[in-house]
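Here the structure comes first, spelled out in structure tokens, and everything after it is commentary.
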Amino acid sequence: MTGRPRLAVWKFSSCDGCQLSLLDCEDEVLAVANAIEIAYFPEATRRDDDGGNYDISFVEGSVTTPHEAEAIKDIRARSTTLITIGACATSGGIQALKNGASTKDFIDAVYAHPEFITTLDTATPISDHVKVDFELRGCPISKTHLIELIAATLAGRAPQTPAHATCIECKMAGHVCVMVAEGKPCLGPVTHAGCGALCPGYARGCYGCFGPKETPNTASLSARLAENGADRRQIKRLYATFNTNAPAFREEAKAHD
Amino acid sequence: MTDTTIKVDMLARVEGEGAFKVVVRDGRITATEFRIFEPPRFFEAFLRGRDHSEAPDITARICGICPVAYQMSSVQAMEMALGVEVSQPIKDLRRMLYCGEWIESHVLHAAMLHAPDFLGYASAIDMANDGHAATVKLALDYKKIGNAIVTLLGGREIHPINVKVGGWWKAPKKRDMLALREELMRALDMAEAFVDFTASLPFPDKERDYHMVCIEEPNGLYPMYEGTRLISNRGLDIPATAFNDHFDEHHVKQSNALQGRTKAGGAYLTGPLPRYNLAYEKLSERAKAAAVRAGLGREVKNPYRSIVVRAVESLFAVEEAIRLIEDYEEFDPAAVAITPRAGTGMGASEAPRGMLFHQYTLEEDGSIATAQIVPPTAQNQPSIEEDLAELIADELDRPHEEIQWLCEQTIRNYDPCISCATHFLDLTIDRA
Chain X
439 MTGRPRLAVW
449 KFSSCDGCQL
459 SLLDCEDEVL
469 AVANAIEIAY
479 FPEATRRDDD
489 GGNYDISFVE
499 GSVTTPHEAE
509 AIKDIRARST
519 TLITIGACAT
529 SGGIQALKNG
539 ASTKDFIDAV
549 YAHPEFITTL
559 DTATPISDHV
569 KVDFELRGCP
579 ISKTHLIELI
589 AATLAGRAPQ
599 TPAHATCIEC
609 KMAGHVCVMV
619 AEGKPCLGPV
629 THAGCGALCP
639 GYARGCYGCF
649 GPKETPNTAS
659 LSARLAENGA
669 DRRQIKRLYA
679 TFNTNAPAFR
689 EEAKAHD
Chain P
119 MTDTTIKVDM
129 LARVEGEGAF
139 KVVVRDGRIT
149 ATEFRIFEPP
159 RFFEAFLRGR
169 DHSEAPDITA
179 RICGICPVAY
189 QMSSVQAMEM
199 ALGVEVSQPI
209 KDLRRMLYCG
219 EWIESHVLHA
229 AMLHAPDFLG
239 YASAIDMAND
249 GHAATVKLAL
259 DYKKIGNAIV
269 TLLGGREIHP
279 INVKVGGWWK
289 APKKRDMLAL
299 REELMRALDM
309 AEAFVDFTAS
319 LPFPDKERDY
329 HMVCIEEPNG
339 LYPMYEGTRL
349 ISNRGLDIPA
359 TAFNDHFDEH
369 HVKQSNALQG
379 RTKAGGAYLT
389 GPLPRYNLAY
399 EKLSERAKAA
409 AVRAGLGREV
419 KNPYRSIVVR
429 AVESLFAVEE
439 AIRLIEDYEE
449 FDPAAVAITP
459 RAGTGMGASE
469 APRGMLFHQY
479 TLEEDGSIAT
489 AQIVPPTAQN
499 QPSIEEDLAE
509 LIADELDRPH
519 EEIQWLCEQT
529 IRNYDPCISC
539 ATHFLDLTID
549 RA
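Protein chains in written order, with the working numbering: chain X, 439 to 695; chain P, 119 to 550.
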């Protein structure tokens with residue numbers, strides 16, 4: 439890279455929250471704008487995609503329409519480094535709850551004129567369609583991770599975003615375990631770190647925003663959840679939320695159909 | 119330019135994906151189209167069969183900009199369906215959480231997304247690099263206070279985790295609230311300066327006679343959290359539960375978001391202008407004084423001045439959060455117990471960009487049978503199309519680029535949240 443790297447921020451099917459995280463870095467965003475040329479970021483600037491190449495592309499959102507399935511290939515071809523930001527882009531997001539259901543029933547449930555709606559039967563992560571260089575987890579992503587990701591990318595090193603469990607972060611934060619002490623269902627043992635064990639700090643169980651950690655033992659956790667009185671439907675729902683299409687969570691939810 | 123099409127295929131500086139088109143024939147606008155192509159995500163469909171307790175977390179994901187609004191309307195609807203009345207301290211904390219979202223969302227929109235339209239820049243970053251660095255820095259610092267409120271009460275800015283059907287997971291510590299109060303006291307000067315900045319912008323001199331709709335709160339409060347009634351400047355005054363008796367949602371071809379209209383078929387406006395016009399007396403004295411200083415009359419019908427109203431509402435939200443902190447005492451338990459039952463419930467609250475209505479029916483076991491979510495931008499779509507037709511009509515002799523700019527600015531008056539509405543934006547001016 440010569441000069442400031444060119445950044446593009448792309449949106450697929452999503453809530454906009456992860457790209458908003460960049461604007462929520464109030465103390466850093468102007469410094470980032472000095473270090474990086476924000477060449478395309480429609481949520482923040484009127485500047486059009488000039489059709490050229492980008493050094494870094496941040497991709498938010500999952501692929502849910504035929505148009506998106508095509509667009510991501512073009513973006514990949516024009517991006518030196520492509521990074522997905524957030525649960526939608528990384529695992530499919532909450533909208534992947536439609537996977538396996540009848541899309542027609544879904545359209546009929548929401549829209550009076552199904553013939554106006556064009557959508558795929560599935561919501562899929564970006565990595566199902568193109569090569570992804572790095573995936574940032576979370577629903578939403580952590581601002582700390584985002585700044586680390588930008589700093590690491592500028593320095594040409596790998597970002598430090600540990601893949602261990604939220605459970606570890608919880609111990610480090612010194613929280614009393616909500617599952618052991620209060621029997622509350624908690625996905626902390628199988629969920630990727632990143633939030634700083636937020637929910638246990640607020641007296642509730644982790645609900646898995648960051649998706650599965652590396653090598654999660656979901657079967658063991660489900661057995662414990664059942665011992666604590668959760669029925670099969672509750673266990674299924676617990677895995678089937680914002681990372682419902684992440685393989686480890688998808689399989690465990692399926693095992694409780 | 120007697121025949122032309124002004125269009126933008128990807129409207130920038132809004133949340134989500136939208137487009138617009140203005141068709142000009144023989145020098146007159148014959149059609150305007152605000153098109154939302156944000157892909158549908160089918161929330162109302164996959165909420166079916168989920169537990170009532172999951173609604174605030176799931177519906178928050180409709181919108182990363184105003185997740186609190188989704189949480190607030192959904193918990194109120196669920197509590198009604200479940201026959202649960204929550205205590206005043208629980209409601210007060212929810213109102214305070216909402217103050218945080220109003221500040222961060224209003225200031226983000228006003229400074230980062232809308233102000234560049236008035237000043238002729240592509241983005242706030244370009245503004246900052248061209249002599250407006252102090253203003254952009256002010257806005258970022260100010261917005262951060264809004265995020266600090268949401269973070270203390272909700273756990274994090276985006277998709278807060280502490281909101282629960284029946285109350286809260288955990289009530290905040292008084293000492294943490296008092297520490298936040300110090301930051302809010304410092305934000306008052308920023309809030310006043312921000313009102314003055316918005317008032318200094320050049321405004322197109324245009325007005326429209328809108329049908330303005332907003333919620334009414336039970337305790338004489340400025341409309342925000344608890345919409346027990348819906349009122350309008352044309353005499354509407356109904357219980358919020360009767361929303362579906364007075365309003366319809368229509369599915370039109372150009373939009374993946376349903377369009378809201380009154381039963382009589384009329385467009386209506388929801389958002390800062392209706393709140394200001396219908397509830398001016400309920401603003402604080404300081405907010406009213408700031409409005410007077412900013413040149414706002416008792417009535418505001420110029421949609422371009424909505425940016426000033428947002429700044430006034432943000433100042434009000436800072437004061438309101440301070441008031442709520444001063445009245446705060448820790449409480450436990452943080453939530454009332456819920457017993458699942460069948461029922462129907464509605465919830466209406468004021469997202470920063472307008473009224474957000476939720477309705478759910480529950481099965482005996484407390485799982486969701488049906489869900490209906492009516493976001494503000496969906497309701498404002500017909501009004502946006504009318505604005506494009508009426509406010510641009512006498513501007514057609516100007517160069518294409520200027521008309522397009524004005525169209526975009528006009529749409530951004532609404533702070534459209536397209537991710538919400540689809541559950542976006544692209545300008546076409548068609549002159550054949």
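Cβ coordinates follow ideal geometry from the N, Cα and C atoms, glycine included. Note that the structure is a prediction, hence the values are computed from the model and not measured.
Contact list for the stretch 472–501 of chain X against chain P, Cβ threshold 7 Å: Ile476, Pro480, Glu481, Ala482, Thr483, Arg484 and Arg485
Meets three-Cβ-pair contact criterion under 8 Å: the stretch 520–531 of chain X and the stretch 562–582 of chain X: yes
Closer than 7 Å to chain P by CB, Leu460(X): no
Residue ranges of each alpha helix (DSSP H) within the stretch 319–366 of chain P, 4 or longer: 361–364
Closer than 7 Å to chain X by CB, Ala187(P): no
The stretch 620–630 of chain X contacting the stretch 257–274 of chain P, beta-carbon criterion three pairs below 8 Å: no
Bridge-paired residues (DSSP) for Leu464(P): The question names Leu, but residue 464(P) in the sequence shown is Met. Answer by DSSP bridge pairing, in chain order: Gln477(P).
Beta-carbon gap between Ile714(X) and Glu508(X) smaller than 7 Å: This structure leaves residue 714(X) out entirely; chain X is present only between 439 and 695.
Short CB-CB distance (under 7 Å) between Tyr640(X) and chain P: yes
Beta-carbon spacing of Ser660(X), Ala561(X) below 7 Å: no
is_contact[Glu275(P), chain X] using C-beta, thresh 7 Å: yes
Secondary structure of Val140(P), DSSP reduced to three states: strand
Secondary structure of Trp448(X), DSSP reduced to three states: strand
Three-way DSSP call (helix, strand, coil) for Arg299(P) in this model: helix
For Asp169(P), the residue or residues it bridges with in DSSP: Ser485(P)
Where the beta strand (DSSP E) through Leu149(P) begins and ends: Here residue 149(P) turns out to be Ala, not Leu, going by the sequence shown. First-last of the beta strand (DSSP E) with Ala149(P): Arg146 to Ile154.
Within chain P, the residues that Ser451(X) reaches when beta carbons sit closer than 7 Å: Pro157 and Arg159
Neighbourhood of Gly472(P) by C-beta, 7 Å cutoff - its chain only, sequence neighbours within 5 removed: Thr388, Gly389, Pro494, Gln497 and Asn498
Distance between His224(P) and Gly264(P) (C-alpha atoms, nearest Å): 10 Å
7 Å Cβ cutoff, Pro578(X) in contact with chain P: yes
Cβ neighbours of Lys288(P) in the same chain (closer than 8 Å, five flanking residues each side left out): Asn280 and Ala452
8 Å contact criterion, which Gln457(X) and Glu498(X) should meet: CB distance rounded: 5 Å
Simplified DSSP state of Leu200(P), which is helix, strand or coil: coil
Reduced DSSP secondary structure (H/G/I, E/B, other) of Pro650(X): strand
For Thr457(P), the first and last residue of its enclosing alpha helix (DSSP H): Counting along the chain, Thr457(P) falls outside any alpha helix (DSSP H), and DSSP gives it neither H nor E.
beta-carbon Arg352(P) near the ligand SAH non-hydrogen atom, thresh 6 Å: This structure lacks the ligand SAH; in fact it carries no ligand of any kind.
Partners in chain X for Ile176(P), counting only beta-carbon separations shorter than 8 Å: Ile532 and Thr679
Start-end ranges of the beta strand (DSSP E) lying completely within the stretch 565–628 of chain X, minimum 3 residues: 572–574
Span separating the alpha-carbon of Ala691(X) from that of Arg159(P): 21 Å
CB contact below 7 Å: Lys381(P) versus chain X: no
Validate contact between the stretch 414–428 of chain P and the stretch 167–175 of chain P using beta carbons, cut 8 Å, 3 pairs: no
Contact with chain X by Ser192(P), beta-carbon distance below 7 Å: no
Run of the alpha helix (DSSP H) containing Lys262(P), from where it starts to where it stops: Ala251 to Gly272
Pairwise C-alpha distance: His602(X) and Arg516(X): 33 Å
Pairwise C-alpha distance: Glu503(P) and Glu553(X): 23 Å
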